[in-house]
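Presented below is the structure to which this report refers.
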């Protein structure tokens, strides 16, 4: 993965907004082979850059990073309070039952099949997603997703429960090898600037639209 595949959308002394490519870890994983990641590459040119939130390795799209401890605290608080706005776009297998809807199903890690997550009404944490169909063909549907919570694998598992796994998803799609990447992209992120208190909004297109 070349360094120039990390597209810088915005930078100043307080924050950094980037477009993460699919197939790149947000932070280092376990083992020497998982040390190459978004934050490590960015820190080479943006000293002090630190993660505020994460995207799954195979998810592409917009992320905001903090440039110092105070901006990290302020941005993290916005995510904690759900004061940010974000939308995703996905291509899923099959057809959804209507043009829009919502899913409210609790999610938990499947400890015997990690890192897979599952719907769990006993131990699961509240997870809520709204969706809107944008287009479809004979086999797949292009859908915009609005996560009201931010659980691990939330969008992937919620779409799976609808019988519509994401195209290319190695964990949840039985025929994931039919497409070269998982079709999930964080297309829009909006938040309040951690120092200037102005509302900022960023958008990027997915390569599978």
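In the numbering used here, the protein residues as written are 3 to 211.
Beta carbons: idealized from backbone N, C-alpha and C, even for Gly.
No experiment lies behind these values; they were computed from the predicted model shown.
Candidates 70, 131, 211, 173: which alpha carbon is nearest residue 137's?
The shortest Cα separation from residue 137 among 70, 131, 211, 173 belongs to 211.
Beta-carbon within less than 6 Å of residue 162's beta-carbon, same chain only, minus the 5 sequence neighbours each way: which residues are those?
Excluding positions up to five away in sequence, the list reads 174.
For the segment 98-149, list the beta strand (DSSP E) runs that are entirely contained and at least 3 residues long, ordered along the chain.
Whole beta strand (DSSP E) segments, 3+ residues: 102-106, 109-111, 119-121, 130-138, 142-149.
Going by DSSP in three states, residue 70 sits in which element: helix, strand or coil?
If DSSP states are grouped into helix, strand and coil, residue 70 belongs with coil.
Bounding residues of the beta strand (DSSP E) (the contiguous stretch that carries residue 192)
186-194 is the span of the beta strand (DSSP E), which, as asked, contains residue 192.
Helix, strand or coil at residue 37 [DSSP, three-state]:
Residue state, collapsed to three classes: coil.
Distance between residue 190 and residue 209 (C-alpha atoms, nearest Å)
Whole-angstrom Cα-Cα distance: 14 Å.
Going straight from the alpha carbon of residue 145 to that of residue 95, what length do you get?
If I take the Cα positions, the gap works out to 11 Å.
Would you call the CB atoms of residue 131 and residue 105 closer than 7 Å?
Residue 131 places its beta carbon less than 7 Å from that of residue 105.
Count the other CB atoms within 10 Å of the CB of residue 100; is the residue buried (16 or more) or exposed (fewer)?
Using a 10 angstroms sphere on the CB of residue 100, the tally of other CB atoms stays under 16, which defines it as exposed.
Run through DSSP, which three-state label would residue 22 get?
Strand.
Return yes when the Cβ of residue 192 is within less than 7 Å of the Cβ of residue 63, no when it is not.
The criterion of a C-beta distance shorter than 7 Å is not satisfied by residue 63 and residue 192.
Taking only the alpha-carbon atoms, compute the straight-line gap between residue 15 and residue 127 and give it to the nearest angstrom.
The alpha-carbon separation between residue 15 and residue 127 amounts to approximately 36 Å.
Go through its chain and collect everything with a Cβ distance to residue 87's Cβ below 8 Å, but skip five positions before and after it.
Answer for residue 87: 190, 191, 192, 193, 203, listed in chain order.
To the nearest angstrom, report how far apart residue 29 and residue 37 are at their CA atoms.
If you take the alpha carbons of residue 29 and residue 37, they lie about 8 Å apart.
Taking the C-alpha atoms as reference points, what is the distance between residue 47 and residue 140?
When rounded, the distance between both Cα atoms is 45 Å.
Round the Cβ separation of residue 40 and residue 54 to the nearest angstrom and send it over; I've been treating them as touching at under 8 Å.
No, residue 40 and residue 54 are not in contact; Cβ-Cβ is about 12 Å, not under 8 Å.
With DSSP collapsed to three states, give me the class of residue 56.
Coil at residue 56, not helix or strand.
Residue 3 to residue 97, Cα distance in whole Å?
Caution is warranted here: a pLDDT of 36 is assigned to residue 3, below 50, making its placement in the model unreliable, and the coordinate value is therefore given only provisionally. As the crow flies, the alpha-carbon of residue 3 is around 33 Å from that of residue 97.
Based on the DSSP output, what are the partners of residue 17 in its beta bridges?
Paired residues: 68.
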